[in-house]
Amino acid sequence: MVDILTHLGAYFLMLRKAFTRPEKMKIFFKRLSAEMELIGVDSVALVSILSLFMGAVILIQSAYNFENPLIPSYAEGVATRDSMLLEFSPTIISLILVGKVGSSIASELGTMRVTEQIDALQIMGVNPVNHLILPKILAGVFIIPFLILLSMFLGILGGFLATLVTESVSTHKYIYGIQYGFEPYYIVYALTKACVFAFILTSISSYQGFTTKGGALEVGKSSTKAVVFSTIVIILFNLILTKLLLN
Amino acid sequence: MIEIGNISKVFGDRKILSDVSMYLETGKVNMVIGQSGAGKSVLLKCLVGLLETDAGEVWYDGRNFTEMNYEQKKALRREVGMLFQGGALFDSMTVEENVAFPLEMFTKMSKEERTERANFCLKRVNLPASNKLYPDEISGGMKKRVAIARAIAMNPKYLFCDEPNSGLDPQTSIVIDNLIREITLEYNMTTVVISHDMNSVMEISDNIFFVFNGQKWWEGNRNDLLKTDNKELCDFVFASTFMKEFKSSSQSKR
Ligand SMILES: Nc1ncnc2c1ncn2[C@@H]1O[C@H](COP(=O)(O)OP(=O)(O)O)[C@@H](O)[C@H]1O
Ligand SMILES: [Mg+2]
Numbered sequence: 052m053v054d055i056l057t058h059l060g061a062y063f064l065m066l067r068k069a070f071t072r073p074e075k076m077k078i079f080f081k082r083l084s085a086e087m088e089l090i091g092v093d094s095v096a097l098v099s100i101l102s103l104f105m106g107a108v109i110l111i112q113s114a115y116n117f118e119n120p121l122i123p124s125y126a127e128g129v130a131t132r133d134s135m136l137l138e139f140s141p142t143i144i145s146l147i148l149v150g151k152v153g154s155s156i157a158s159e160l161g162t163m164r165v166t167e168q169i170d171a172l173q174i175m176g177v178n179p180v181n182h183l184i185l186p187k188i189l190a191g192v193f194i195i196p197f198l199i200l201l202s203m204f205l206g207i208l209g210g211f212l213a214t215l216v217t218e219s220v221s222t223h224k225y226i227y228g229i230q231y232g233f234e235p236y237y238i239v240y241a242l243t244k245a246c247v248f249a250f251i252l253t254s255i256s257s258y259q260g261f262t263t264k265g266g267a268l269e270v271g272k273s274s275t276k277a278v279v280f281s282t283i284v285i286i287l288f289n290l291i292l293t294k295l296l297l298n
Numbered sequence: 176m177i178e179i180g181n182i183s184k185v186f187g188d189r190k191i192l193s194d195v196s197m198y199l200e201t202g203k204v205n206m207v208i209g210q211s212g213a214g215k216s217v218l219l220k221c222l223v224g225l226l227e228t229d230a231g232e233v234w235y236d237g238r239n240f241t242e243m244n245y246e247q248k249k250a251l252r253r254e255v256g257m258l259f260q261g262g263a264l265f266d267s268m269t270v271e272e273n274v275a276f277p278l279e280m281f282t283k284m285s286k287e288e289r290t291e292r293a294n295f296c297l298k299r300v301n302l303p304a305s306n307k308l309y310p311d312e313i314s315g316g317m318k319k320r321v322a323i324a325r326a327i328a329m330n331p332k333y334l335f336c337d338e339p340n341s342g343l344d345p346q347t348s349i350v351i352d353n354l355i356r357e358i359t360l361e362y363n364m365t366t367v368v369i370s371h372d373m374n375s376v377m378e379i380s381d382n383i384f385f386v387f388n389g390q391k392w393w394e395g396n397r398n399d400l401l402k403t404d405n406k407e408l409c410d411f412v413f414a415s416t417f418m419k420e421f422k423s424s425s426q427s428k429r
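Protein chains in written order, with the numbering used here: chain B, 52 to 298; chain Y, 176 to 429.
The structure is reproduced here in structure tokens:
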């Protein structure tokens, strides 16, 4: 318990050091765009494939479950859209990004720590937390919501493509379904979650990497811890946010 | 000149440094020697504030480093060049970018001026034609040279080297050692070199500090070292047959 509090304290101290004015704006923007590429652009393929297939699977499963004649024929469209918007895109994609982005952040910073690159920055008079971590957090909070939007779109597209090969759901009913009773608020809800989850995953992974002690073995451990803790905290916040935002 | 006044450092319940005082002269190579695990790296990290000391003070040319706040320490560190044990080059940058990095961060130099200064420093350490390579594409000795070039890019007043020739072959070691000595004299820096290599001690040291059991056990120069009868120091220095022979030959000459 004391351990958790110590880490929590150190984590918030790190955040305070991160959110300071960068030494040189030009270098900061260079770092920011590099991180956006690393976190965002490099994840596009993974997110796209997952979302397309997930949308298709949700449609096929709901078609299988909704064979009851009492359920309207456009229900599969509604189900696919709402599952993607409310849960799959914001939460599941964030959890998948924890595995991809979080572990790479932690191992990058961990390696820099054990090879004394972070000490070298500090000796030069650079604030290493600000220089290394702030661009990661900001890039994540900015770019991950776009990935989530992409995922929603492709998920619904995946459902559409699946209707072409599924006899029980007609394509035009699906198109009607995905528009039926559409709540724009769901998008706001999903993007709010995406921002919060992006902050959690980038900052916790950075903390784990930055505080690595020892050698190569510990870098691996930090990377694992980054994934485990980010996942737990995201799941916790998912519950809290769902309660807060959908009431 | 750097004055270390009675610093102590404790990790948990282990006292790593106790009551260490040193006077590190400007324009000289000040060498800290001792067995591995004696606390040499910890001493160096305390000097630059990478580790907090538990007691004592460090003065840089009359400025009390220990009492400085974060911003003041950051400003003073710009006068410090440091060579880490493994080089600590930034792997995501090329050799030239590594050397130019502190210039980009802290000066208003244009890109051309930075490149020129970086090339000057790289030439100074005799490392031509590797500017566009990445750290994992060059050898250990070259990494050390790049690290020296980066350390001197900002014209530091103080140069700290942690085992500059660990992992290098004897020939490259001598080149690196001599480079450190030349640069120290050329720019009149206060240089601190940590080493357990008796060759470099005999080659380049002006002042020698022997750390044993977390204490400064002995200090003197090369001649004092050969004449010492301090038991722990003799055990350390004359552990190799080479040094034993070196001692007896230097005594028989007189
Ligand atoms: N951050 C740290 N936390 C705990 N113990 C440490 C730390 N850094 C060094 N030590 C311990 O301090 C002692 C001296 O280490 P060091 O100064 O690296 O030795 P050396 O003289 O070989 O450079 C070692 O026993 C090491 O285990
Ligand atoms: Mg050491």
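C-beta atoms are modelled at their ideal positions from N, C-alpha and C, and glycine is treated no differently.
- Residues of the region 277-289 of chain Y whose Cβ lies closer than 9 angstroms to any Cβ of chain B, in chain order: Pro-277, Glu-279, Met-280, Phe-281.
- Val-223(Y) reaches chain B at Ile-174, counting residues in chain order whose Cβ is nearer than 8 angstroms.
- Contact with chain B is found for Ala-250(Y), since one of that chain's Cβ atoms lies less than 9 angstroms from the residue's Cβ.
- Among the residues facing chain Y, Glu-86(B) is not included, as its CB has no counterpart in that chain under 9 angstroms away.
- Rounded to the nearest angstrom, the gap between the Cα atoms of Ile-207(B) and Arg-132(B) is 6 angstroms.
- Ala-61(B) has a beta carbon lying at 9 angstroms or more from every beta carbon in chain Y.
- A distance below 7 angstroms between beta-carbons, with the five flanking residues on each side excluded, links Leu-172(B) to the following residues of its chain, in chain order: Pro-179, His-182.
- Taking C-beta atoms under 8 angstroms as the contact rule, Gly-228(B) and Ala-126(B) qualify, at a distance of about 7 angstroms.
- Residue range 189-199 is occupied by the beta strand (DSSP E) that includes Val-195(Y), with no alpha helix (DSSP H) assigned at that position.
- For Leu-292(B), the closest of Met-175(B), Leu-185(B), Ala-241(B) by C-alpha to C-alpha distance is Ala-241(B).
- In terms of side-chain proximity, the C-beta atom of Gln-260(Y) is found nearer than 8 angstroms to a non-hydrogen atom of ligand 2.
- Using a Cβ-Cβ distance cut-off of 8 angstroms, the region 270-277 of chain B and the region 152-165 of chain B are in contact, since at least three pairs of beta carbons, one from each stretch, lie closer than that value.
- Proximity of Met-105(B) to chain Y, defined by a Cβ-Cβ separation below 9 angstroms, is not satisfied.
- Pairing Leu-146(B) with Val-279(B), the inter-Cα distance amounts to about 10 angstroms.
- Taking the Cα positions, Thr-290(Y) is about 13 angstroms away from Met-329(Y).
- Counting only Cβ-Cβ distances below 7 angstroms, Phe-265(Y) has contacts in chain B at Gln-168, in chain order.
- Interface residue (Cβ-Cβ distance to chain Y less than 9 angstroms): Lys-75(B) is classified as such.
- Under the DSSP assignment, Asn-181(Y) falls in the beta strand (DSSP E) whose first and last residues are 177-186.
- Looking from the CA of Phe-233(B), the closest CA among Phe-117(B), Val-129(B), Leu-56(B) belongs to Val-129(B).
- Chain order gives the chain Y residues near Ile-78(B) as Glu-279, Met-280, where near means a beta carbon separation below 7 angstroms.
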